[in-house]
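Just below is one structure, and these are the notes that go with it.
2 protein chains.
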Amino acid sequence: MPPSSATAKRSKRTENHAVAGLSIGSYLIRRLHECGIRDVFGVPGDYILGFYSLLNDSPINIVSCTREDCAGFAADAYARVSGMGALAVTYCAGGLNACNSIAGAYAEKSPVVLISGAPGISERENKPLLHHMVRDFRTQLEVFEKLCVAGVELDDAQTAFREIDRVLDAVASYKRPGYIEIPRDMLHVVPSGRHRAESRSEQASDEDALREAVEEAVRMINGSQKAVIIAGVELHRFSLQDAMLALAEEARIPITTTMLGKSVIRETHPLFVGLYEGAMGREEVTQFVEESDCVILLGSFMTDINLGIYTANLDPGKCIYATSEQLRIRHHHFHGVRLADFIEQLTRKKPRPPQRAIPKNPYAEQGKFELRPRDPIRVERMISRINESLDDKTVVIADVGDALFAATELVIRQKTEFLSPAYYTSMGFAVPAALGAQVARPDLRPLVIVGDGAFQMTGNELSTIVRRGLNPIVIVLENGGYNTERLLHPGNYKFNDILPWKYHRLPEVLGGGRGYDVRTEGQFDQALRSALADTSQMGLLEVHLDQRDCSKALRRLAEKLSKKV
Amino acid sequence: MPPSSATAKRSKRTENHAVAGLSIGSYLIRRLHECGIRDVFGVPGDYILGFYSLLNDSPINIVSCTREDCAGFAADAYARVSGMGALAVTYCAGGLNACNSIAGAYAEKSPVVLISGAPGISERENKPLLHHMVRDFRTQLEVFEKLCVAGVELDDAQTAFREIDRVLDAVASYKRPGYIEIPRDMLHVVPSGRHRAESRSEQASDEDALREAVEEAVRMINGSQKAVIIAGVELHRFSLQDAMLALAEEARIPITTTMLGKSVIRETHPLFVGLYEGAMGREEVTQFVEESDCVILLGSFMTDINLGIYTANLDPGKCIYATSEQLRIRHHHFHGVRLADFIEQLTRKKPRPPQRAIPKNPYAEQGKFELRPRDPIRVERMISRINESLDDKTVVIADVGDALFAATELVIRQKTEFLSPAYYTSMGFAVPAALGAQVARPDLRPLVIVGDGAFQMTGNELSTIVRRGLNPIVIVLENGGYNTERLLHPGNYKFNDILPWKYHRLPEVLGGGRGYDVRTEGQFDQALRSALADTSQMGLLEVHLDQRDCSKALRRLAEKLSKKV
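So the sequence lines, in the order shown, correspond to chains F and Y. Residues are numbered in the numbering used here as their position in the first sequence, beginning at 1, plus a constant of 6. Residues are numbered in the numbering used here as their position in the second sequence, beginning at 1, plus a constant of 6.
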């Protein structure tokens, strides 16, 4: 069967290597490598030690983390930056520690492969109670079937290669996590017979539906007075940023992004309007989008936080809503239309709505930051100061809470990356994500903004960062507790308080990195300068904030959310 | 319907309070309190904040932890020490972080209630993408159905009280975790109609099966030459320690325990033989058990680690195997016989096997510890030194790895408690368990033994310990890596190494507790004395060990396990 053009690339991969004689473990490693994975995160444990040895002798590096959930976040960030990520863990006591980070990757469409060791098939006779076992041998697989787009237990040598292909293909196609469990006595088994990688070509678009949809979209755009694009994170996941830009530039349609989609376009682009976050965002952006009579959502998730807790006010009757999963124009749906095809065909039709004046972005336009050295440091001033120091080599990583809300006001220049769990909003993402991002892209320097509560969850992962000689700059927002919760649910509740650590002294415990204790603008400025200049090590800035201080975005969000708590 | 005697206690509870007018949240809190829960662990988050406010105004205290998995371990230890434990967390990004600790509670039969907030029912119309959501609104419930003995989403006011009763009854009966999810708009709903707590009486034993089983057991015991009891952890969970002792003392049958069951009997009891751990344990105990012609296993899990990775060599044809779940004598099974009834009826029959001479326990018999102040500290010498300082007010908590294997050689006196995840063997149990145990029993002082790898996972929970002014003594075994894995899978693998923190300096970061840096026997002796004398704060001993040093038990185990890796 000659490969079609759509499958040529994948078939080529298959032809390039002989798989005869490979063990199941070796085949998995080869396939991971072909998917662009150069580093696997994880924590060793007896059921996975055999696989670690195989990795150790392979071109793929092992990055040992302090915890499995951190390994999950690191693999997620690695995937966001470089296309696919992986972690390898031991059975249950290892794997079940990664449930939350895998769930986050599912929710936010990050292609992560979770590989778990398991008791050998031969160890399972007579249903023994083996260590790390929960209920029965399938428990962990069943849990991850809920949290992954595809999963398999490699208990059959005859199907193992095909099943590995199936899971990795699903991860690549859907940009969701996949689960591969290897009973440890299957690792070195060499399947008999020949393996032919199936040409699982991507489904082509339904041509009639595509044509009809594009025609209608063009009519709608050309008939509109005020068109706008909302560019979402899927454009990044499916490498469609340039396609979207081609459309916007061809048709001169202004572009906004969502919080999760921040950095899919440089924010100094002349067509860029700002972040659309409903009532949470800047008023002029909200107004610009909501008075539009043609809203083209491309790869955007319509999530609550992403769109300002449904304070976003979009009339579906004016929307073209295209994602990797669906295409809806006004109130009807087109099935079987690929996002890439839709954007490409739409661009070819050269739609031409009237041009719109784009409001100025006050953050992009702001003049030089005027330091007030003795003023206590405040969140918004801190963001303005950071704004001056971003460059192409920065990847900004924001944890949730005001770390995220404040960071949305950073101006993304050129190809600065911005990573954040802006939909699933799991605390503790940022520090391990810095590890993952910098392992994936050693040429980038992560700038992490993280709340104290989130830092207490996963800040330990600085250990791995120090051990590997990485140099992120980590800014801990210290206000003695969960400030977002305090704002959501006012009242003097002690349960929102946490112990104020001396975060800047952690480098003394870790034996690496440099800590800075920051209370004023002057101290912040100096610490940031020093940390930026010192590329030899991790910099940890402990920034003391007033409990009443927060970004404007958080204050607006809290007002909306607190009604539901 | 008049209550039977078996249900009198529970019915009394129901009569004692009127539930009319209570909201679902208030009813849950009342029932938790009736189950003996005085403290709930957790991490606040918006979907559970309403429940936290209710707790705040109730007789139950909130113990905010750094992470949800730590809250799970703390609740598990609380349950082991005081009968039932609970944690309350937010939806998915909170709850899914507790999968591993809940799985551990399931595997080791610890009665823990996991309470999770969730989006309100009214928020779910039109299937919005709410933050913290994974796949659909049932995902988290479905995950915990795999890891709990019972679970419910309280989405129906008419059944809510009954469902709360059902889950709590299952937790109490089966000593396994239960899951209760509360959509946040159901919290304050007051069900109409009357709630009558169902008299869910414990199933009585099948009298015929019980009689026949007891008769056979007595014949077997009386006909034996060498009888022995293996006392397991279920005796502790179901409060059957005294019943087992009554049987053993009546019949003068020697007693051994398993690793997980350590501390179900004081180890200075004249009938105590030692820990039976197959080839992993002391040779004279192994021989004593395996040459027995009548082995009475009471409440023991037949797990791999518990019984020395199946190096245990028990002939089922000589066993009476009674647990809360089954009763097997030789090769046949009796259904419907309660463990408590079996032990009680057996005792009444006054079996009398021949008496056996009990080998001396070298650890209990050992003379005074002779300090060699300048010698580098070694694991076995450290355990001998600790042995001298145990008393009734100590709860020993061992993490996994050599922390556990070495600690099995401690001699449990009187009512010293010993906690460890000896079956599920999840790293990171010990530090949060110290929090849970001391919150449950402030009169006890935890003595924690934990490896450096495990400490890097959950040592952050010292934050909560410092914040609450608790005073455990935490001994970190520092050897730069996962030493158990190094022994299981020899080879110079870097992935088993971890960054050597300066653990003893953590108190400076936390602003509380005192650290000790220990390299010699003299330093260990001084640090332990000092930490024991200083009851005002947590003591953190960083004990530097040679990588080649380990307990005899671990060395024996590693020899067995390494063949399977």
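No residue lacks a Cβ here, since even glycine has one placed at the ideal position from N, Cα and C.
Min CB distance residue i to chain F below 8 Å
{"i": "residue 62 (chain Y)", "result": "yes"}
{"i": "residue 33 (chain Y)", "result": "no"}
{"i": "residue 68 (chain Y)", "result": "yes"}
{"i": "residue 469 (chain Y)", "result": "yes"}
{"i": "residue 85 (chain Y)", "result": "no"}
{"i": "residue 18 (chain Y)", "result": "Confidence at residue 18 (chain Y) is low in this model, with a pLDDT of 40, below 50, so its placement is unreliable and no value can be given for it."}
{"i": "residue 399 (chain Y)", "result": "no"}
{"i": "residue 112 (chain Y)", "result": "yes"}
{"i": "residue 508 (chain Y)", "result": "yes"}
Same chain, Cβ closer than 6 Å to residue i, neighbours up to 5 away in sequence not counted
{"i": "residue 367 (chain F)", "result": "280"}
{"i": "residue 45 (chain F)", "result": "67, 69 and 445"}
{"i": "residue 466 (chain F)", "result": "72"}
{"i": "residue 277 (chain Y)", "result": "254, 260 and 261"}
{"i": "residue 296 (chain Y)", "result": "319"}
{"i": "residue 564 (chain Y)", "result": "493 and 494"}
{"i": "residue 384 (chain F)", "result": "555"}
Enclosing alpha helix (DSSP H) for residue i [first to last residue]
{"i": "residue 282 (chain F)", "result": "Careful: residue 282 (chain F) lies outside any alpha helix (DSSP H) and carries neither H nor E."}
{"i": "residue 225 (chain F)", "result": "213 to 228"}
{"i": "residue 309 (chain Y)", "result": "Looking at the DSSP string, residue 309 (chain Y) is not in any alpha helix (DSSP H), and its letter there is neither H nor E."}
{"i": "residue 516 (chain F)", "result": "512 to 516"}
{"i": "residue 424 (chain Y)", "result": "Where residue 424 (chain Y) is concerned, there is no enclosing alpha helix (DSSP H), although the beta strand (DSSP E) it sits in stretches over 423 to 425."}
Element boundaries [beta strand (DSSP E), containing residue i]
{"i": "residue 30 (chain Y)", "result": "Segment 30 to 40 is the alpha helix (DSSP H) holding residue 30 (chain Y); no beta strand (DSSP E) there."}
{"i": "residue 180 (chain F)", "result": "Unbroken run through residue 180 (chain F) is the alpha helix (DSSP H), 163 to 180; no beta strand (DSSP E)."}
{"i": "residue 300 (chain Y)", "result": "300 to 304"}
Chain Y contact for residue i (CB, 8 Å cutoff)
{"i": "residue 456 (chain F)", "result": "no"}
{"i": "residue 43 (chain F)", "result": "no"}
{"i": "residue 50 (chain F)", "result": "yes"}
{"i": "residue 305 (chain F)", "result": "no"}
{"i": "residue 153 (chain F)", "result": "yes"}
{"i": "residue 405 (chain F)", "result": "no"}
{"i": "residue 336 (chain F)", "result": "no"}
{"i": "residue 472 (chain F)", "result": "yes"}
{"i": "residue 172 (chain F)", "result": "no"}
{"i": "residue 309 (chain F)", "result": "yes"}
Cut-off 7 Å between Cβ atoms - residues of its own chain near residue i, not counting five sequence neighbours on either side
{"i": "residue 375 (chain F)", "result": "390, 391 and 394"}
{"i": "residue 105 (chain F)", "result": "149 and 153"}
{"i": "residue 357 (chain F)", "result": "224, 227, 228 and 257"}
C-beta neighbour in chain B for residue i, strict 8 Å
{"i": "residue 115 (chain F)", "result": "Absent here is chain B; the protein component of the structure consists of chains F and Y."}
Cut-off 8 Å between Cβ atoms - residues of its own chain near residue i, not counting five sequence neighbours on either side
{"i": "residue 450 (chain F)", "result": "87, 399, 400, 401, 423, 443 and 444"}
Beta-ladder partner(s) of residue i, from DSSP
{"i": "residue 526 (chain F)", "result": "F:382"}
{"i": "residue 45 (chain Y)", "result": "Y:67"}
{"i": "residue 338 (chain Y)", "result": "Y:335"}
{"i": "residue 503 (chain F)", "result": "F:487"}
{"i": "residue 327 (chain Y)", "result": "Y:303 and Y:334"}
{"i": "residue 93 (chain Y)", "result": "Y:47 and Y:120"}
{"i": "residue 278 (chain F)", "result": "F:261"}
{"i": "residue 185 (chain Y)", "result": "Y:120 and Y:157"}
{"i": "residue 346 (chain F)", "result": "DSSP output for residue 346 (chain F) lists no bridge partner at all."}
{"i": "residue 150 (chain Y)", "result": "For residue 150 (chain Y), which the question treats as bridged, DSSP gives no partner whatsoever."}
{"i": "residue 520 (chain Y)", "result": "Y:545"}
{"i": "residue 550 (chain Y)", "result": "Y:484"}
The region 134 to 150 of chain Y: which residues have C-beta closer than 8 Å to a C-beta of chain F, in chain order? Here the close residues are 134, 135, 136, 137, 138, 139, 140, 141, 145, 148 and 149.
Give, in chain order, every residue of the region 410 to 440 of chain Y whose Cβ lies closer than 8 Å to some Cβ of chain F. 429, 430, 431, 432, 433 and 434
Select from the region 91 to 106 of chain F all residues with a C-beta closer than 7 Å to any C-beta belonging to chain Y, and list them in chain order. Of all residues in the region 91 to 106 of chain F, 98, 99, 102, 103, 105 and 106 have a Cβ within less than 7 Å of some Cβ in chain Y.
Please name the residues in the region 515 to 530 of chain F whose beta-carbon is closer than 9 Å to at least one beta-carbon of chain Y, in chain order. 515, 516, 517 and 518
Positions along the region 491 to 505 of chain F whose CB lies within less than 9 Å of some CB in chain Y: 491, 494, 495, 497, 499, 500, 501, 502, 503, 504 and 505
Which of the residues in the region 187 to 220 of chain F, read from start to end, lie with their CB under 9 Å from any CB of chain Y? 190 and 191
Chain F contacts made by the region 238 to 268 of chain Y, where a contact means CB separation under 7 Å: none
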